[in-house]
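Below: the structure, in structure tokens.
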Amino acid sequence: RFMQPLTSVRSAPLLPLLLLPLIAVSGSTLGPKAGSVSPLTSQQRNINTFMRSASAVVWDVDGTLVESTTLGFVATNEVLKLRGFPEISVEQYKIGCRYTTPDRFNHHVGEEPGTAIGTQLGQDFDDMYVKRVSKETAGLFDGMERLLRSLALSGHPQGALSNACGDYVRAVLAANNLDEVPGQRIGLFGVAYGADEVPAAKPAGDGLLLCCEQLGASPESSVYVGDSPSDGKAARNAGMQSIGVLWGANGKAALEGEFDVLVDDVPALVEALRHLLGDA
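Going left to right, the sequence shown walks through residues -27 to -1, 1 to 253 as mature numbering (1 follows the signal peptide of the UniProt record, and there is no 0) numbers them.
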């Protein structure tokens, strides 16, 4: 049971075995760019075969793991103002968060998806956004750190997949002390990808399938946790179970029907994970 007291988990004789997959995949935490994923070694394949009896949890980042609304909203308006476009409201920003960064900017300036101006504005945003990540600007929601560490100690491999850029995802993990630092700590996330590093961004399931492959977990026994309609669609397209959180950018009306389960606080998330992962 992944939420039992940490003291009792530490004393369990199987703990080194449960932590083995985290050690083995920690080298891929700083995920490679799309198209350059390194082949798994024979040792990793053996470990992955063992781990297919376990279930992975893959997380969206903004609005799911961390509260970063102010960071993203302020940086977005700075970019729009700098390029001569009207500023947007917080609600407009939240609606746009269901898209990749380039298409979010296309949405904000009234252009069609795939238009070049979105790519230009998105690059300006990424250059500004990533540098401002800290525990203060993108800190974990209350209760999330304990849940993440409990899942890791229970042997559930974890990954992160965002429609933001990969550099941002890894900056958030580092700011919250969730990344690997050799000789100091083991990273809690076996993989961490952004939309610029996967074959197709959410709502396509490609990124989630890549995460499951790298974590050595089967999609059907794994769970994706997110806060936008595109997260639920991506999970469905990947054949994964899904949980939608209601503390992010979207309310119940926007998420109903997109996820297997909706939760409105961390205790409810814990119970949903227990049920879907078979840990109840």
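Quick reminder that beta carbons are idealized off the backbone N, C-alpha and C, glycines included.
Environment of residue i [buried if 16+ CB atoms lie within 10 Å]
| i | result |
| --- | --- |
| Asp100 | exposed |
| Asp35 | buried |
| Leu131 | In the sequence on display, residue 131 carries Gln and not Leu. Label assigned to Gln131: buried. |
| Gln214 | buried |
| Glu109 | exposed |
| Thr73 | buried |
| Gly251 | exposed |
| Arg18 | Low local confidence applies: a pLDDT of 48 at Arg18 is under 50, so the model's placement there is unreliable, and no value is given. |
| Ala226 | exposed |
| Gly128 | buried |
| Gln187 | buried |
Distance between beta carbons of residue j and residue i, contact taken as under 8 Å
| i | j | result |
| --- | --- | --- |
| Leu161 | Arg122 | 7 Å |
| Tyr102 | Ala173 | With a Cβ gap of about 22 Å, Tyr102 and Ala173 do not count as contacting. |
| Leu113 | Leu235 | That pair is no contact at about 20 Å. |
| Tyr66 | Gly95 | About 14 Å; that fails the 8 Å criterion. |
| Leu124 | Val30 | 6 Å |
| Gly178 | Cys138 | Actually they do not touch by this definition, with Cβ atoms about 20 Å apart. |
| Ala89 | Val145 | Actually they do not touch by this definition, with Cβ atoms about 28 Å apart. |
| Val52 | Phe98 | 5 Å |
| Gly217 | Asp200 | 7 Å |
| Leu183 | Val171 | 6 Å |
| Phe78 | Gly87 | With 8 Å as the limit, Phe78 and Gly87 do not qualify as a contact, their Cβ atoms being about 12 Å apart. |
Coarse secondary structure for residue i, derived from DSSP in three states
| i | result |
| --- | --- |
| Gln157 | coil |
| Asp35 | strand |
| Glu40 | strand |
| Val243 | helix |
| Gly251 | coil |
| Val236 | strand |
| Arg122 | helix |
| Pro86 | coil |
| Thr73 | coil |
| Asp152 | coil |
| Ile61 | coil |
| Val142 | helix |
| Glu51 | helix |
| Val106 | coil |
| Ala147 | helix |
Counterpart residues of residue i in DSSP-defined beta bridges
| i | result |
| --- | --- |
| Val164 | Gly132 |
| Ala30 | Before going on, a small fix: residue 30 reads as Val here, not Ala. Paired residues: Gln131, Val196. |
| Gly112 | Glu40 |
Original post:
Can you give, in chain order, each stretch of the alpha helix (DSSP H) that sits fully within the segment 172 to 234 and has at least 4 residues?
Top reply: 179 to 188, 202 to 211, 225 to 228
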